[in-house]
Amino acid sequence: MTEIFQNGMFVFLGAAGLLILLIGALLIGVGLFSLQRRSASRHWPQVPATIEVSEVRPETFSETQMYKPVVSYRYTTPAGTFTSHNLATTGRLYAKPAKAQKIADRYLVGTTVMARYNPDDPGEAMVEPEGLGGGLMFIVFGLLCMIPPAVGGYQAGLSPRAIGLILAIPALVITVLLLRSRSGTAAARAKGLLPPAGEGSDADVAALMARGEKLLAIRLYRELHGSGLKEAKEAVETLDRDARNAAP
Numbered sequence: 352m353t354e355i356f357q358n359g360m361f362v363f364l365g366a367a368g369l370l371i372l373l374i375g376a377l378l379i380g381v382g383l384f385s386l387q388r389r390s391a392s393r394h395w396p397q398v399p400a401t402i403e404v405s406e407v408r409p410e411t412f413s414e415t416q417m418y419k420p421v422v423s424y425r426y427t428t429p430a431g432t433f434t435s436h437n438l439a440t441t442g443r444l445y446a447k448p449a450k451a452q453k454i455a456d457r458y459l460v461g462t463t464v465m466a467r468y469n470p471d472d473p474g475e476a477m478v479e480p481e482g483l484g485g486g487l488m489f490i491v492f493g494l495l496c497m498i499p500p501a502v503g504g505y506q507a508g509l510s511p512r513a514i515g516l517i518l519a520i521p522a523l524v525i526t527v528l529l530l531r532s533r534s535g536t537a538a539a540r541a542k543g544l545l546p547p548a549g550e551g552s553d554a555d556v557a558a559l560m561a562r563g564e565k566l567l568a569i570r571l572y573r574e575l576h577g578s579g580l581k582e583a584k585e586a587v588e589t590l591d592r593d594a595r596n597a598a599p
């Protein structure tokens, strides 16, 4: 009985250590990705942008009612005229509508602000540059999660080099996957899978779903409507279902 208990405890601790390792790798990967994105966006070209929509929308996040400032603006680049809903490189949700409204009030309809656009994908833009603190916070929490697996590996007799590789490889893989996913939108436009930024419609979303490109369909819907991930997922599934029902 004691041996069974010890074996069970060993398996449990191993599984817990692996889970903590993966969580830490995910946090570090997200942090590195965020740092790269925020650093790059600071060097994007700037152009005047006209505010067309400024409002607050309720969104459900993890079964909690949150509020999102939604600002839509139109801007012109050498590649054409585009519309964006992004305030920054990452979306922001607020627990109280007043805080979200305070952000929206900074962008009155009809006023002109300066927007930065991605030269590799001119349809991506933002009007509020972000600091590096958010990315650094993810990295710090990720490193803290790595401490228990590192201690366990050291006690098991692993060399510091082996421990470093075990901890670093998952974080680097996650970072690369995130960067490739982000660059996928520009690549999809270059291949003609996505319409030019600012020119798409729900019909294009439905067409992507019909071709089995659900992730691209969700990205396009969010680009068109500035919605959250859950809302976009439900919307594209509804569009696909309606299109199938309407088909002869």
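In my numbering, the protein residues as written are 352 to 599. Where is the CB? At the ideal position from N, CA and C, for every residue including glycine. Please read all numbers here as calculations on a predicted model, not as lab measurements.
Legend entry - Same chain only: Cβ atoms within 7 Å of Leu559, ignoring 5 sequence neighbours per side: Taken in chain order, the residues that qualify are Leu567, Ala568 and Leu571.
Inset, instruction - Within its chain, find whatever has a CB closer than 7 Å to the CB of Pro448; leave out the 5 residues flanking it on each side and keep chain order. - result: So the qualifying residues of the chain are Val407 and Tyr418.
Inset, instruction - Could you say if the region 491–500 and the region 452–471 meet the contact criterion of at least three C-beta pairs nearer than 8 Å? - result: Three or more Cβ pairs closer than 8 Å define a contact, and the region 491–500 falls short of that threshold against the region 452–471.
Inset, instruction - Return yes when the Cβ of Glu403 is within less than 8 Å of the Cβ of Pro426, no when it is not. - result: Before going on, a small fix: residue 426 reads as Tyr here, not Pro. If you check the CB distance, Tyr426 and Glu403 do not come in under 8 Å.
Inset, instruction - Measure the C-alpha to C-alpha separation of Thr589 and Ala554 and round it to an integer number of angstroms. - result: Rounded to the nearest whole angstrom, the CA to CA distance from Thr589 to Ala554 is 12 Å.
Inset, instruction - Indicate whether Phe433 and Ala376 have their beta-carbon atoms separated by less than 8 Å. - result: Not in contact: Phe433 and Ala376 (Cβ atoms no closer than 8 Å).
Inset, instruction - In angstroms with no decimal places, state the Cα-to-Cα distance between Pro332 and Arg592. - result: Nothing can be reported for residue 332: it is not among the residues displayed for the chain, which extend from 352 to 599.
Legend entry - Assumed close pair Pro409, Leu438 - CB separation to whole angstroms, cut-off 8 Å: Not confirmed; about 17 Å, so no contact.
Inset, instruction - Enumerate in chain order the residues of its own chain whose CB-to-CB distance from Ile517 is below 8 Å, with the five nearest sequence positions on each side excluded. - result: Excluding five sequence positions before and after Ile517, the CB atoms of its chain that fall closer than 8 Å to its own CB belong to Leu372, Pro500, Gly504 and Leu509, given in chain order.
Legend entry - Three-way DSSP call (helix, strand, coil) for Gly461 in this model: In the structure shown, Gly461 sits in coil (DSSP, three-state: anything other than H, G, I, E or B).
Inset, instruction - Provide the residue(s) that pair with Asp343 in DSSP beta bridges, ordered along the chain. - result: Since the first and last residues shown for the chain are 352 and 599, residue 343 lies out of range.
Inset, instruction - Determine which residues share a DSSP beta bridge with Gln416 and list them. - result: DSSP output for Gln416 lists Thr411 as bridge partner(s).
Legend entry - Delimiting residues of the beta strand (DSSP E) encompassing Tyr435: Per the sequence shown, residue 435 should be read as Ser rather than Tyr. In the DSSP annotation of this structure, the continuous segment of the beta strand (DSSP E) that includes Ser435 starts and ends at Gly431 to Ser435.
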